[in-house]
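Undergrad: Residues in the sequence shown are numbered from 631 upward in steps of one, following the working numbering. Cβ atoms here follow ideal geometry from the backbone N, Cα and C, with glycine treated the same way. One structure follows; several queries about it will come next.
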Amino acid sequence: MKLSTKGRYAVMAMVDLAATSEGQPIALADIAERQEISLSYLEQLFAKLRRGGLVRSVRGPGGGYLLARTAEETRVSDVILAVDEPIRATRCTPGSPAGCKSNKARCLTHDLWEELGNQIHLYLGSVSLQDVVARQVRSTGFPPAMAPKPTMGAAAE
């Protein structure tokens, strides 16, 4: 599963805004330069973020964008959903009883992929922009019970 550039770039830009604004509006051109994202693409994304209530614009000299809520209150999942990026791992419509097969049945792995999408949404909903700015997004790795076990051949050597 791969997150599209729309979702990734929106999160990158919002984290940049959270890290650099210090209460002052930031020009999209500055974010575009720092993050190496096309300015026209950022303009499209920020129009959606503004409609989603995540940023507000300030017009005039010294204008730009500010977070509409604090970085602590803004979740990564909010950003992704605001730019219309679905968080799902199935090819079926979420919540639909119809499956993705031609006969409208669900494939054998449907529940697996649907739950993966749910877990991704839960995780991204637990991470704030401030967590990313402060580099407090932790990598848990494998829980001890799930850690890969050495194979018999490796243990015998």
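Measure the Cβ-Cβ separation of Val713 and Lys678 and say whether it is below 7 Å.
TA: yes
Undergrad: Could you check the C-alpha separation between Ala643 and Glu745 for me, to the nearest Å?
TA: 28 Å
Undergrad: When DSSP builds the beta bridges, which residues end up paired with Ser687?
TA: Tyr695
Undergrad: Are the stretch 673-689 and the stretch 633-652 touching by the rule of at least three beta carbon pairs closer than 8 Å?
TA: yes
Undergrad: With 7 Å as the threshold, decide whether the Cβ of Glu702 is near any Cβ in chain B.
TA: Given the protein chain composition of this structure (a single chain), no chain B is represented.
Undergrad: Measuring CB to CB, does Ala657 end up less than 7 Å from Gly694?
TA: yes
Undergrad: How big is the Cα-Cα spacing for Ile667 and Gln674?
TA: Linking Ile667 to Gln674 through their CA atoms gives a straight-line distance of about 12 Å.
Undergrad: The alpha helix (DSSP H) that contains Glu663, what's its start and end?
TA: For Glu663, the uninterrupted alpha helix (DSSP H) segment begins and ends at 658-665.
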